[in-house]
Each structure stands twice: as structure tokens, then as C-alpha cells.
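In what follows, a structure is listed as C-alpha cells, so that the remarks can point back to it.
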Amino acid sequence: MFLSRMILNPRSRRVQRELANAYELHRSVYAGFGTPLPEEARPLYRVDELPGGGLVLLVQSQVEPDWSALARDPGYLLRPPETKALELAPVAGDVYAFRLRANPTVKKATHEREPVSEPGYLARMRAERAAGKPREGRGPARLGLSREEDQRAWMARQAERHGFELLRLSVAPLGLQRGYSGQGGRRLSHLAVRYDGLLRVRSSEVFGEALAAGIGSAKGFGFGLLSLAPAALASLD
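Take the sequence shown: its letter number 86 is residue 89 in this note's numbering, and every next letter is one higher.
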């Protein structure tokens with residue numbers, strides 16, 4: 004695998020457009036790989052804030068990218084892109100600091116609707132829209148989890164499913180990520196949550212698969228990249 008690190012220029016109009024429209028950033032990232040990729044080889048990425056207000060775009064990929072087009076765009080990057088081979092060999096019992104920007108959701112049958120008078124109804128409807136709830140007849144809806152207790156429970160389920168245990172966890176809501184796709188201007192809206200903490204590997208094989216494939220939904224729009232650092236380090240940037 005490969006990990007790319009690009010320092011974005013927050014004053015760039017292109018960067019500002021991409022931050023305002025998740026689909027535009029998706030296009031820029033995927034352009035670094037030329038031809039369409041099979042689903043299992045699609046990159047994971049996210050934008051993190053740096054101390055002092057800077058922005059870094061992190062991209063993890065199965066194939067080596069070509070960022071020359073981004074590097075040639077005047078003012079888009081503040082320094083040349085950095086790409087390195089990423090050799091991950093987690094062992095059961097290893098402890099890491101981690102960061103995950105995720106879109107925590109659950110599936111719910113479309114006919115299970117609460118009365119408008121139910122407390123918290125409007126908030127739940129906003130969360131449904133944030134998760135891109137499908138129309139009637141399209142099967143189960145994917146509902147965004149807006150309450151912190153539900154977001155923590157979601158992360159606990161991911162840990163159990165993906166071969167690790169949580170030793171420490173902090174949850175930071177990032178609001179709604181919005182955008183419009185190029186296919187008919189379809190609206191995109193995802194609930195974004197940042198998870199930071201400490202984890203311990205339980206199954207090296209299952210955990211390694213999660214590192215490569217990502218965690219949760221909306222991976223094509225900047226979610227799901229699980230970043231690791233030695234547990235002694237406070238920063239994951």
C-alpha cells in the first residue's frame with residue numbers, strides 16, 4: 004500500500020470548492036489513479052486540520068498514485084506531494100493511537116417511521132438526510148447517528164467486527180459534509196464524526212483487512228481511513 008500526504012493551500016479557490024463540495028474532492032483524488040479502479044482497490048482519504056489552521060490531504064491506496072496534475076495546478080498545494088510505501092504488519096496485542104473520520108450509520112426499514120410528534124423527530128429526520136436516506140421502494144434506509152452515545156456504540160461495534168478493542172475513545176462531531184455529484188446534480192449529504200483514541204489489536208488478519216479496506220460507509224467521499232501512530236505519540240497528522 005501507499006500513503007500520500009499533500010498540504011493544501013486554504014486560499015486556493017479550487018481547494019475551497021472541494022471543501023464545499025465533497026464530490027469535487029472525490030474527483031481530484033481519483034484523478035491521481037488515471038483509469039477506473041476496481042472497488043477493492045479504491046483509495047481511502049480524508050482532510051485533516053493542522054496546527055495553525057493548515058490542511059493536509061491524506062490518501063491511502065493499493066496502487067501508486069500520480070499527483071503530477073495536482074502539483075502543476077498553481078496555488079493548489081503549498082509543497083510537493085509526498086508518497087511513501089506503507090508496510091503495515093499489525094500483531095495481536097499491539098497498541099496504537101488512532102484517528103478515524105467516519106460516517107456512522109445504521110440500516111433501518113423505510114416503513115419504520117416515527118410520528119412527527121415524537122421527541123427528537125426533526126433531529127432524526129436531519130440525520131436521515133445526512134446519511135442519504137433512499138426513497139420508498141429502495142430497501143433499507145441508512146440513517147446517520149446524531150447522538151454521541153449512538154456514535155460510541157457504533158464505534159464499539161466496528162472494533163468488535165474488525166479485530167481490535169478500544170482502550171480510549173474521544174468523539175468529535177464534524178457536522179454535515181455536503182456536495183453535488185456530477186450525475187444530474189444529485190445531492191450528497193453525510194454525517195461526519197472524528198474518532199480519536201487508543202486501540203489494541205486482537206486479530207492481526209482481520210485488523211489488517213480493515214486497515215486496507217476502511218471502516219464504515221461513504222468511503223468514496225473522505226470517510227473510513229483508519230490512521231495509526233505509536234501509542235506514545237499524541238499527534239496523528
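Heads up, the beta-carbon is just placed ideally off N, CA and C, and yes, glycines get one too.
Computed from a predicted model, the values in this text were never measured in an experiment.
Give me the Cβ distance between ARG45 and ALA195, rounded to the nearest whole Å; I'm assuming they're in contact under 8 angstroms. The pair is not a contact, with the Cβ atoms about 19 angstroms apart (cut-off 8 angstroms).
Could you pull out every residue in the same chain whose Cβ sits closer than 8 angstroms to the Cβ of LEU170, ignoring the five residues on either side in sequence? VAL98, GLY200, LEU201, LEU202, ARG203
Assigned secondary structure, GLN154 (DSSP; H/G/I helix, E/B strand, else coil): helix
If you run the structure through DSSP and keep just helix, strand and coil, what is PHE242? Because the chain in this structure spans residues 4 to 240, residue 242 falls outside the shown range and cannot be described.
Excluding the 5 residues flanking ARG138 on each side, which residues of the same chain have their C-beta closer than 6 angstroms to its C-beta? Here the model assigns ARG138 a pLDDT of 41, short of 50, so the residue's position is not dependable, and the following value carries that caveat. Same-chain partners within the cutoff: there are none.
N-terminal and C-terminal residue of the beta strand (DSSP E) that GLN63 is part of: 58-64
What does the Cβ neighbour count give for GLU67, buried or exposed, with the cut at 16 atoms within 10 Å? exposed
With DSSP run on the structure shown, which of helix, strand or coil describes HIS266? Residue numbering for the chain in the displayed model covers 4 to 240; residue 266 lies beyond these limits and cannot be assessed.
Skipping 5 residues on each side, what residues in its chain have a beta carbon closer than 6 angstroms to that of MET158? TYR198
Start-to-end residues for the beta strand (DSSP E) that takes in SER230: 229-233
Assuming PHE5 and SER64 form a contact by the criterion Cβ under 8 angstroms, report the distance between their Cβ atoms to the nearest whole angstrom. 5 angstroms
So, for GLU151: in the same chain, excluding its five sequence neighbours on each side, which residues have a beta-carbon less than 8 angstroms away from its beta-carbon? VAL174, PRO176
Hey, how far is the Cα of LYS110 from the Cα of HIS193? Taking the straight line from one Cα to the other gives about 14 angstroms.
Does the separation of the CB atoms of GLY166 and SER230 fall below 8 angstroms? Between GLY166 and SER230, the C-beta gap is not smaller than 8 angstroms, which leaves the two residues out of contact.
Boundaries (first-last residue) of the alpha helix (DSSP H) holding ARG20: 16-23
If I measure Cβ to Cβ from ALA95 and keep anything under 7 angstroms in the same chain, skipping five residues before and after, which residues do I get? So the qualifying residues of the chain are VAL204, ARG205, SER206, SER207.
Can you name the residues that DSSP bridges to MET4? For MET4, which the question treats as bridged, DSSP gives no partner whatsoever.
Whole angstroms is fine: what's the gap from GLU27's alpha carbon to THR38's? Their Cα atoms are separated by approximately 17 angstroms.
Check each candidate in HIS29, PRO83, GLU21, TRP70 and name the one with the smallest Cα separation from GLY35. Considering only alpha carbons, the answer is TRP70.
Span of the beta strand (DSSP E) around ARG75: Annotation: ARG75 is outside any beta strand (DSSP E); the continuous alpha helix (DSSP H) that includes it extends over 71-75.
Could you compute how far the alpha carbon of LEU22 sits from the alpha carbon of ARG160? 30 angstroms
Would ALA162 pass as an interface residue toward chain C - the criterion being a Cβ-Cβ separation below 8 angstroms? Included in the structure is just one protein chain, with no chain C present.
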